[in-house]
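K.L.:
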Amino acid sequence: MHHKGDSIILLVGGEKSSILTALLAEEENVIAVLLPHSNSREEKYYKIQNICKLAGISIYRPKKKELADLLKELTPQLLISAGYPYLLAPEHLALSKININIHPTLLPEYRGPATAWYVIADGKTESGVTVHYIDKGMDTGDIIYQQKVQLTNFDTVSSLMRKTSMIEAETLTISLKKMRNPGFEAIKQDETKASKYVGFRKPEDSLVDDSKSLKELYNFIRACDPDRFPAYMIKDGEKVGIKLFRLNKPTNEGDFL
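Numbering-wise, UniProt numbering puts 199 at position 199 of the sequence shown, and it's gapless, one number per residue.
1) For S38, which three-state DSSP category applies?
2) From G14, K196, G83, L20, pick the residue whose C-alpha is nearest to that of I8; which is it?
3) Tell me, please, which residues DSSP counts as bridged to V131.
4) May I have the straight-line CA-CA distance separating I59 from P108, to the nearest angstrom?
5) Which word fits N50, buried or exposed, when buried means at least 16 other C-beta atoms lie within 10 angstroms of its C-beta?
6) For V67, I'd like the list of residues in its chain whose CB is within less than 7 Å of its CB, leaving aside the five on either flank, ordered along the chain.
7) In this structure, does DSSP put M233 in helix, strand or coil?
8) Does the beta-carbon distance from I234 to T171 come in below 8 Å?
9) Can you give me the start and stop residues for the beta strand (DSSP E) that I59 sits inside?
10) Counting only the same chain and skipping the five closest in sequence on each side, list residues whose C-beta sits under 8 Å from that of K243.
11) Have a look at K44 and G14 and give me their C-alpha separation to the nearest angstrom.
12) Quick one: what's got a C-beta closer than 6 Å to N99's C-beta in the same chain, skipping five residues either side?
13) Identify which residue in S158, L88, Q146 has its Cα closest to the Cα of Q189.
14) Just verifying my parser: in three-state terms, what is the DSSP assignment at V208?
15) Quick check on this structure: which residue in N181, D205, G123, G237 has the alpha carbon closest to the alpha carbon of S213?
16) Alpha carbon to alpha carbon, how far is A194 from D142?
17) Could you tell me the distance, in whole angstroms, from the CA atom of L10 to the CA atom of D210?
18) Can you tell me whether DSSP reads V119 as helix, strand or coil?
19) Alpha carbon to alpha carbon, how far is V30 from Y84?
20) Rounded to whole angstroms, what's the CA-CA distance from L54 to V208? Just pull it up for me.
21) Is it buried or exposed for P203, if we count other Cβ within 10 angstroms and need 16 for buried?
22) For T105, which option in L257, S165, K136, L95 has the closest C-alpha, if you only look at C-alpha atoms?
23) Name the DSSP beta bridge partners of E238, please?
24) DSSP has I187 in a bridge; who is on the other side?
Laid out in structure tokens, this is it:
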């Protein structure tokens with residue numbers, strides 16, 4: 001059970017400043033923010049670092065092997081992971097009373113990292129955000145709360161990530177309120193509905209399989225990031241890129257097809 005005033009450590013990967021802002025607005029006791037050691041100097045972390053500076057919250061950038069010692073020193077009562085790239089091992093989880101994760105799909109579907117590509121490629125009409133307890137598995141813990149977002153045939157990885165990012169903070173704050181209810185019970189994940197673990201994308205994953213149906217190819221191509229992992233085919237030994245676009249795209253749909 002979570003109590004107002006419990007010491008919280010927020011573990012962040014990516015631009016998650018809205019989550020910290022929401023926690024502070026709810027007067028939660030955030031004592032530290034942990035950023036990835038490898039890329040925490042990148043521009044996407046500037047905003048959350050500025051919020052920490054103004055609020056007097058300590059920022060740490062531990063290497064994975066340093067994480068356990070840091071948690072022992074800080075003695076948090078609640079760990080909140082939001083896109084943190086390090087998998088929390090049992091030794092880390094034992095150092096906090098409660099451990100929760102914010103996951104950008106409707107679990108038990110699409111466990112693991114880099115899920116947005118798979119959601120779009122599979123032609124899903126909805127996705128969302130799940131807040132769940134962390135256990136020894138990969139995104140297998142009991143579900144505290146979920147919120148959905150609707151998807152169209154013109155959504156892309158970028159638009160899906162934007163949509164889920166916009167509801168992460170609210171999903172978390174609702175979850176924390178539920179956790180303060182003495183009668184609250186989390187929901188076990190239905191393993192019969194679980195998607196297989198999905199891993200990080202590789203450039204070769206964007207090779208188009210021309211044996212697929214037109215509908216499958218459409219979803220596959222729009223799921224490929226045209227900048228980082230463009231869809232392609234092989235013609236006369238050369239890679240030929242493939243990009244979809246709408247001829248009459250509305251001006252307010254910048255990250256859609």
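Just so it is clear, CB atoms sit at the ideal spot from N, CA and C, and this is done for glycine as well.
P.N.:
So, from the listed chains and residues:
1) coil
2) L20
3) I102, Y145
4) 32 Å
5) exposed
6) Looking at the sequence itself, residue 67 is Leu, so the reference to Val does not match. Leaving aside the five residues that flank L67 on each side, the residues in its chain whose CB is nearer than 7 Å to its CB run, in chain order, Y86, H92.
7) strand
8) no
9) Per DSSP, I59 is one residue of the beta strand (DSSP E) stretching across 58 to 60.
10) I221, P226, P230, A231
11) 6 Å
12) L79, L93, I134
13) Q146
14) Under the three-state reduction of DSSP, V208 is assigned to coil, being neither helix nor strand.
15) G123
16) Going by the C-alpha atoms only, they are around 13 Å apart.
17) If I take the Cα positions, the gap works out to 44 Å.
18) Here V119 sits in helix by DSSP.
19) 16 Å
20) 48 Å
21) Classification for P203: exposed.
22) S165
23) K235
24) Beta-bridge pairing links I187 to I143.
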